[in-house]
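Enquirer:
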Amino acid sequence: MAPASDAAISTAAVSARDLRFTHPGARTPTIDLDEFTVETGQHTAIVGPSGCGKTTLLRLVTGALKPESGEIEVLGRNTTRMTEAARRTMRLTEIGMVFQSFALLDYLSVTENILLPYRLGARTENEAPAGRVPAIAQSLGIDHLLERKPIRLSQGERQRVAIARALVTCPKLIACDEPTGNLDPARARGTIDLIMSEADRIGATVLLVTHDHGLLDRCAQTLSLGGDA
Amino acid sequence: MIGAVRIAAAHARHRWGRSLVVCACLTLTIALPLVSRAMTSAFDRELRARAEGVPLVVGAKGSRFGLVFNALHFRRSDLDTVPLGLYDELLNDTTVRAVPMHARFTAQRVPIAATSIEYFDERGLIVAEGRPFATLGDCVVGASAARSLRVAPDSTIRSDQARGLDITAAPSIEMRVVGVLAPTGSPDDNAIFVDLETAWLLEGRSHGHDDADTIDREGEVIGRTEDFVSLSGAVVERQVVTLENARDFHLHGDRETLPLTSILVFPEDDRAQTILATRLNAGDGYQAVQPTQVIDDLVASVVRIRVIFDGLAVVLGVVVLLLVGLIVLLGIRVRADEIATMMEIGASRATVAAVIGSELVVLALVAAVLAVGAAAVAGMLASGLLLQLAT
Amino acid sequence: MLRTLSTLLIAVAPLCLTACGSKQSQAPTRTIEPIVVATTGAHASLASRIADGAIDVVCILPPGTDAASWWPAEDDVRRLQSAQLILLNGFGLESWSSNIALPRSRVLDLSRSVRIEPIIMPGVTHSHGPDGDHSHDLENPYVWLDPALAIEQTRAIAERMSRAFPDSAEDFEANAAVVVAELSAIDQKLKALDLGGRPIAADGPQFDYVARRYCWSRTPSTNAIPLSQVPGIGVHFPTAEGCGTDLIDALNAAADGLADAVGG
Chain A
7 MAPASDAAIS
17 TAAVSARDLR
27 FTHPGARTPT
37 IDLDEFTVET
47 GQHTAIVGPS
57 GCGKTTLLRL
67 VTGALKPESG
77 EIEVLGRNTT
87 RMTEAARRTM
97 RLTEIGMVFQ
107 SFALLDYLSV
117 TENILLPYRL
127 GARTENEAPA
137 GRVPAIAQSL
147 GIDHLLERKP
157 IRLSQGERQR
167 VAIARALVTC
177 PKLIACDEPT
187 GNLDPARARG
197 TIDLIMSEAD
207 RIGATVLLVT
217 HDHGLLDRCA
227 QTLSLGGDA
Chain B
12 MIGAVRIAAA
22 HARHRWGRSL
32 VVCACLTLTI
42 ALPLVSRAMT
52 SAFDRELRAR
62 AEGVPLVVGA
72 KGSRFGLVFN
82 ALHFRRSDLD
92 TVPLGLYDEL
102 LNDTTVRAVP
112 MHARFTAQRV
122 PIAATSIEYF
132 DERGLIVAEG
142 RPFATLGDCV
152 VGASAARSLR
162 VAPDSTIRSD
172 QARGLDITAA
182 PSIEMRVVGV
192 LAPTGSPDDN
202 AIFVDLETAW
212 LLEGRSHGHD
222 DADTIDREGE
232 VIGRTEDFVS
242 LSGAVVERQV
252 VTLENARDFH
262 LHGDRETLPL
272 TSILVFPEDD
282 RAQTILATRL
292 NAGDGYQAVQ
302 PTQVIDDLVA
312 SVVRIRVIFD
322 GLAVVLGVVV
332 LLLVGLIVLL
342 GIRVRADEIA
352 TMMEIGASRA
362 TVAAVIGSEL
372 VVLALVAAVL
382 AVGAAAVAGM
392 LASGLLLQLA
402 T
Chain C
9 MLRTLSTLLI
19 AVAPLCLTAC
29 GSKQSQAPTR
39 TIEPIVVATT
49 GAHASLASRI
59 ADGAIDVVCI
69 LPPGTDAASW
79 WPAEDDVRRL
89 QSAQLILLNG
99 FGLESWSSNI
109 ALPRSRVLDL
119 SRSVRIEPII
129 MPGVTHSHGP
139 DGDHSHDLEN
149 PYVWLDPALA
159 IEQTRAIAER
169 MSRAFPDSAE
179 DFEANAAVVV
189 AELSAIDQKL
199 KALDLGGRPI
209 AADGPQFDYV
219 ARRYCWSRTP
229 STNAIPLSQV
239 PGIGVHFPTA
249 EGCGTDLIDA
259 LNAAADGLAD
269 AVGG
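Which chain is which? The protein sequence lines are A, B and C, in order. Once you know that position 162 of the first sequence is 168 in my numbering, the rest is easy, because the numbers rise by one and skip nothing. Once you know that position 313 of the second sequence is 324 in my numbering, the rest is easy, because the numbers rise by one and skip nothing. Once you know that position 206 of the third sequence is 214 in my numbering, the rest is easy, because the numbers rise by one and skip nothing.
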């Protein structure tokens, strides 16, 4: 392993080497990657059959999981050498996340849901810069729903709220875990288009976990896990 | 941290039913000891303040509590009365000052304290409106009684009939309000003050009717000799005393034996007090008690009751804490997905704990404020309430 | 929900504040005046002689008024209530006293402090129902006209005045001794009279206590028969109850008049 690796100036948003991760109790490693690089702005899809470790890889990238061995460099920093607190801060401030079931908090209004990354931060103000939320809401077409609770939103509206939450911190990396899982192909495509265009607008790189091969053409790179899918 | 509190508050609002139950349980747990403490200390404070103003109370032998509450709080007691002669005797004792008290009647459920005009001086009462009582049937009303009865100088109050079904009982008498006292924050605020003579009128000891010599209506005179007239019950007794007819009221019986329910005694020094108390307590019919001592005994027994309340509060506290703990644990389980999402987004364990915990803290704070409020209200209502329990 | 709770708290808070701040302490506005109020001229004059100008003595009865028929007006009640000492003769003379709110501890009822057996004047008694017999027999109130009883009353008045005004107590006792001496002189004068067993025809009940004291027999007079036609020594005896009358002067005059009548 090259000791100078984390000092190397890289244009990659994500780069990983010799990455190995085994779930507790599993006999074979879930993740075993020699090399994996996502250049900045190069939206990348991670595909593969169920249980092949797509979500695990995504969580290794965001720092929610720590690899057994190997190195991951995210947004120019070696996360394997960072403390857990530093990785959390990075997730909160530089990585936006879109989850499969949107994972909105039903007791919070749309505004509060969007502001969640700020609310959960350790900083005392816990507030987004003024005007950020209305601007994002407007560009996503949900500015009239800000005071509502998620239960009163349609599926599509909820998804936009989830995307808005991922964008509110102006992240450099957007990690999406099956964001279209419950949608029909037409809507799925629309959603991906929305994420991609918003990401392009703020200059973020999208890492998309999906099993929908129809969406791969929107990505510059595809990483297949668990065989030759 | 503020963010976590905001999320917690939103969750508490969203699950309002659960919050209400938790809050109510916590309020009850915190309030029980606070309320019992506030009540007993208000009770203690007020009773003591009241008792400290009067060094000695004299009355018929019997319940010391009954006597003190009659003399200081105008509570009706089942004690025997003492004769006016005893009061006269005390007046002749140059080492003490004495004020008579007759508190047996009510007017619209407000106690009527019949006493002598000196009571106002001894208690430092100020007639804020009108004048002190001057003649039979005059009354001066305490500040809060005037409010609750809606009376002012020149209005009238009718005394409550002593025994509703007893036709031989003295009729109720219409009293003239001549003054309203300035508020004092003591039981004097909720009383109607009249001269002793008025109480005897209420007792039926004195009454007013036309001059027996001039009564000649049929059925009213049973027999008449040159110097004796026997009147029948048909003679209409006066029920309103006015300046004009006051002369028609007269006492039946020996003045010395007219009843008092208690006598407030203000000795000039401890020695005079000891001598008087020893002398009266050695006799058969009377007792002389120190109100402060009686109140000490009463408060001591109330404090003993409070220990039971405190014990209950501890048990209740443990039960409620267990229940609240259970609710929190169940909450964490139910909110597992939500917690996972928060941690995925980047929340630390501490932040998640703050989200869950601050909700409990907010509810506990609200409960504490409510409990303190309840204790304050209880403290205000305490004296009246406990007084009724105590007498 | 939090909003509702806070509204509730705001509503409760002022209640607590008023409860804590309701006590006030002010000095009583009613003042007791350092005066002695008497209901008869006789007692006012005794008290004046004892006081000798040290304190004011007020006779509350208007001049020319009969004490038995007088009833205090509101102003009189106020004066009585503010007096440091009130002298009542008792024996029913002040029939109003039981219907007026007097400051009992500042009242000297002479009928109780001087223990004597009152002379009963026949009056109307009435009774009704279970209350039992009730006598309206009148007691003769003219106690003070007996010099010996007047001495007792003087002593009682002086003792009470000394208690009420302790600063002047010594003067009062000395002045009272003078009054007592003068009354004793009158007593001696009356005692010395020799009626020779003749009855006295007096013009009212005021003579009764004097007659009893000196064992004089007395022909009671009524309004129907003029005094001049009643057999016996005709005597006009003053009541000395009107304000402005001096008891000692009146008794001296009466004793002299009686001596003249007996002598003549």
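Even for Gly, the Cβ is constructed at its ideal location relative to N, Cα and C. Every value quoted in this text rests on a predicted model; they were computed, and no experiment measured them.
Please list, in chain order, all residues of the same chain as Ala-158 (chain C) whose beta carbon is under 7 angstroms from its beta carbon, the five residues on each side excluded.
Expert: Trp-152, Leu-191 and Leu-255
Enquirer: Along chain B, which residues have their Cβ under 7 angstroms away from the Cβ of Leu-98 (chain A)?
Expert: Ile-356 and Gly-357
Enquirer: Return helix, strand or coil for Asn-84 (chain A), following the three-state DSSP convention.
Expert: strand
Enquirer: By the three-class DSSP mapping on this structure, what secondary structure does Thr-228 (chain A) have?
Expert: Annotated three-state conformation of Thr-228 (chain A) is strand, per DSSP.
Enquirer: Under 9 angstroms, Cβ to Cβ, is there at least one residue of chain C near Ala-82 (chain B)?
Expert: no
Enquirer: State the CB to CB distance for the pair Leu-159 (chain A) and Leu-146 (chain A), rounded to an integer number of angstroms; the pair is presumed to be in contact (CB under 8 angstroms).
Expert: About 12 angstroms; that fails the 8 angstroms criterion.
Enquirer: Against chain C, with Cβ distances strictly below 9 angstroms, would Ala-145 (chain B) count as a contact?
Expert: Output row for Ala-145 (chain B): interface = yes.
Enquirer: Only counting the same chain, and skipping five residues up and downstream in sequence, which positions put a Cβ closer than 8 angstroms to that of Ala-71 (chain B)?
Expert: Leu-78, Leu-90, Asp-91, Thr-92, Val-93, Gly-296, Tyr-297 and Gln-298
Enquirer: Can you pull the chain B residues whose beta carbon is under 7 angstroms from the beta carbon of Asn-132 (chain A), in chain order?
Expert: Ile-13 and Gly-14
Enquirer: Name the chain A residues whose beta carbon is nearer than 9 angstroms to that of Ala-21 (chain B)?
Expert: Leu-111, Tyr-113, Leu-114, Ser-115 and Glu-118
Enquirer: Fully enclosed by the segment 183–215 of chain C, which beta strand (DSSP E) runs are 3 residues long or longer?
Expert: 208–210
Enquirer: Given a cut-off of 9 angstroms on the beta-carbon distance, is the pair Glu-370 (chain B) and His-22 (chain B) in contact?
Expert: Closer than 9 angstroms, so yes.
Enquirer: For Asp-252 (chain C) and Glu-41 (chain C), what's the separation of their Cα atoms in angstroms?
Expert: What sits at residue 252 (chain C) in the sequence shown is Gly, not Asp. Those two C-alpha atoms are separated by around 22 angstroms.
Enquirer: Return the Cβ separation of Thr-86 (chain A) and Ile-78 (chain A) in integer angstroms, given the expectation that the two are a contact with Cβ distance under 8 angstroms.
Expert: 6 angstroms
Enquirer: Along chain B, in chain order, which residues have C-beta atoms closer than 8 angstroms to that of Val-85 (chain C)?
Expert: Ala-145 and Thr-146
Enquirer: Name the chain C residues that come within less than 7 angstroms of Phe-260 (chain B), Cβ to Cβ?
Expert: Asn-107
Enquirer: Please confirm whether Ser-127 (chain B) has its beta-carbon closer than 9 angstroms to some beta-carbon of chain C.
Expert: yes
Enquirer: Would you mind sorting Ile-41 (chain B) into buried or exposed? The rule is 16 or more other CB atoms within 10 Å of its CB.
Expert: buried
Enquirer: Report yes or no: do three or more beta-carbon pairs, one from the segment 42–50 of chain B and one from the segment 131–146 of chain A, lie closer than 8 angstroms?
Expert: no
Enquirer: So is Thr-17 (chain A) in contact with chain B if we call contact Cβ pairs under 9 angstroms?
Expert: Taking 9 angstroms as the CB threshold, Thr-17 (chain A) stays off the interface with chain B.
Enquirer: Using three-state DSSP, classify Met-354 (chain B) as helix, strand or coil.
Expert: helix
Enquirer: Secondary structure at Met-103 (chain A), three-state DSSP: helix, strand or coil?
Expert: When secondary structure is reduced to three states using DSSP, Met-103 (chain A) falls in the strand class.
Enquirer: Counting only the same chain and skipping the five closest in sequence on each side, list residues whose C-beta sits under 7 angstroms from that of Asn-119 (chain A).
Expert: The answer, listed in chain order, is Leu-110, Leu-111, Pro-156, Val-167 and Arg-171.
Enquirer: Going by the DSSP bridge assignment, what does Cys-150 (chain B) pair with across the sheet?
Expert: According to DSSP, Cys-150 (chain B) shares a beta bridge with B:Val-188.
Enquirer: Can you grab the Cα-Cα spacing for the pair Asp-202 (chain C) / Ala-267 (chain C), in whole Å?
Expert: 9 angstroms
Enquirer: Using a Cβ cut-off of 9 angstroms (strictly closer), state whether Leu-366 (chain B) contacts chain C.
Expert: It should be pointed out that residue 366 (chain B) corresponds to Val in this sequence rather than to Leu. Answer no: the Cβ-Cβ gap between Val-366 (chain B) and chain C never drops below 9 angstroms.
Enquirer: So is Arg-344 (chain B) in contact with chain A if we call contact Cβ pairs under 9 angstroms?
Expert: For Arg-344 (chain B), no CB of chain A lies under 9 angstroms from its own CB, so it is not counted at the interface with that chain.
Enquirer: Following the continuous beta strand (DSSP E) through Ile-108 (chain C), name the residue where it begins and the one where it ends.
Expert: That residue, Ile-108 (chain C), is in no beta strand (DSSP E); it is neither H nor E in DSSP.
Enquirer: Buried or exposed for Glu-82 (chain C), going by 16 or more other Cβ atoms inside 10 Å?
Expert: With fewer than 16 Cβ atoms within 10 Å of its Cβ, Glu-82 (chain C) is classed as exposed.
Enquirer: Note down, in chain order, every chain A residue with its Cβ under 9 angstroms from the Cβ of Ile-18 (chain B).
Expert: Within chain A, the residues near Ile-18 (chain B) are Leu-111, Tyr-113, Leu-114, Glu-118, Leu-122, Arg-125 and Leu-126.
Enquirer: Taking DSSP as the reference, what is the three-state secondary structure of Arg-23 (chain A)?
Expert: strand
Enquirer: For Ala-81 (chain C), does the three-state DSSP call read helix, strand or coil?
Expert: coil
Enquirer: Taking the straight line between their C-alpha atoms, what separation do you get for Gln-161 (chain A) and Leu-323 (chain B)?
Expert: 52 angstroms
Enquirer: Run through chain C and tell me which residues come within less than 8 angstroms of Thr-105 (chain B), C-beta to C-beta.
Expert: Going along chain C in sequence order, the residues near Thr-105 (chain B) (Cβ under 8 angstroms) are Arg-171.
Enquirer: So what does DSSP say about Phe-85 (chain B), is it helix, strand or coil?
Expert: coil
Enquirer: Mind listing the chain A neighbours of Thr-40 (chain B)? Cutoff is C-beta to C-beta under 8 angstroms, in chain order.
Expert: Here the premise fails: no neighbours, minimum Cβ distance about 26 angstroms.
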